[in-house]
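Engineer: One structure coming up, written as structure tokens, with questions to follow.
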Amino acid sequence: MRITGTAAIVTGGASGLGLATAERLIEEGSAVTIVDLPSSDGAAAAERLGPRASFVPADVTDPDEVAAAVAHAASTGPLRILVNCAGIGAPAKVIGRDGPLALEAFERIIRVNLVGTFNVLRLAAYEMTRNEPVDGERGVIVNTASVAAYEGQIGQPAYAASKGGIVSMTLPIARELADSCVRV
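Under full-length UniProt numbering, the first residue of the sequence shown is numbered 1, with each subsequent residue one higher.
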């Protein structure tokens, strides 16, 4: 895939793996929209990365905020790249000092890591399917997971389940989107 002249979205792009991905995509000639929480360092990261970087504050679990981020990215060029790096992981045992793990804590990690990844993917993939193919492709989607998907540790039930869910959903999504020339 030719990266120069494309638009990309990197979730969790304000720090860590997401920021490193955004940096590399910009080096290769893409316009990058960093999608991260309003409380993140996304604005500073975009400013540091230069004029081809922009920051759209959004919660990956919010359909309206993600739709706005996708629309922004598409306004900077043909949206052909999505890299899902957003995620959280607070270690917590099923039975802790204060009793059983709060269901809300488990659900929050699943919601951000798994549901958030799917939410961004579905909206970005739809936008990609509207692109004219270049060399037989309309876009590329990368979902990041973790070794915890296969080898979760004590204190990682929600994190491991969320990353396992990302791994499990990626193959059927890849099969489906292949017909639309979107590689996952």
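The beta carbon of each residue, even a glycine, is placed where N, CA and C say it ideally should be. Computed from a predicted structure; not experimentally measured.
Going by DSSP in three states, residue 199 sits in which element: helix, strand or coil?
Structural biologist: Residue 199 lies beyond the residue range present for the chain, which begins at 1 and ends at 184; the question has no answer from this structure.
Engineer: Specify the secondary structure class of P91 as computed by DSSP and reduced to three states.
Structural biologist: In this structure, P91 counts as coil in the three-state DSSP scheme.
Engineer: Within the continuous alpha helix (DSSP H) that includes L25, where are the two ends?
Structural biologist: L25 -> alpha helix (DSSP H) spans G16 to E27.
Engineer: In its own chain, which residues sit with a C-beta less than 6 Å from the C-beta of E127, not counting the 5 before and 5 after it?
Structural biologist: V70, A74 and L79, listed in sequence order.
Engineer: Pick helix, strand or coil for E39, following the three-state DSSP scheme.
Structural biologist: Residue identity check: residue 39 is Ser in the sequence provided, not Glu. Coil at S39, not helix or strand.
Engineer: Alpha carbon to alpha carbon, what distance is there between P133 and P91?
Structural biologist: Approximately 43 Å, taken between the alpha carbons.
Engineer: Look up F55 in the DSSP assignment and give the residues it is bridged to.
Structural biologist: In DSSP, F55 forms a bridge with I34.
Engineer: Is the beta carbon of A160 less than 8 Å from the beta carbon of A148?
Structural biologist: For A160 and A148, yes; Cβs fall inside 8 Å.
Engineer: For A86, which three-state DSSP category applies?
Structural biologist: Three-state result, A86: coil.
Engineer: Whole angstroms are fine: how far does the CA of R24 sit from the CA of E176?
Structural biologist: About 28 Å.
Engineer: Assign G136 to one of two classes, buried (16 or more other C-beta atoms within 10 Å of its C-beta) or exposed (fewer than that).
Structural biologist: So G136 counts as exposed.
Engineer: Can you tell me where the beta strand (DSSP E) holding V10 begins and where it ends?
Structural biologist: Start and end: A7 to T11.
Engineer: Should the segment 25-33 be called in touch with the segment 90-109, which here means at least 3 C-beta pairs below 8 Å?
Structural biologist: The segment 25-33, when compared against the segment 90-109, does not touch it at the 8 Å Cβ threshold.
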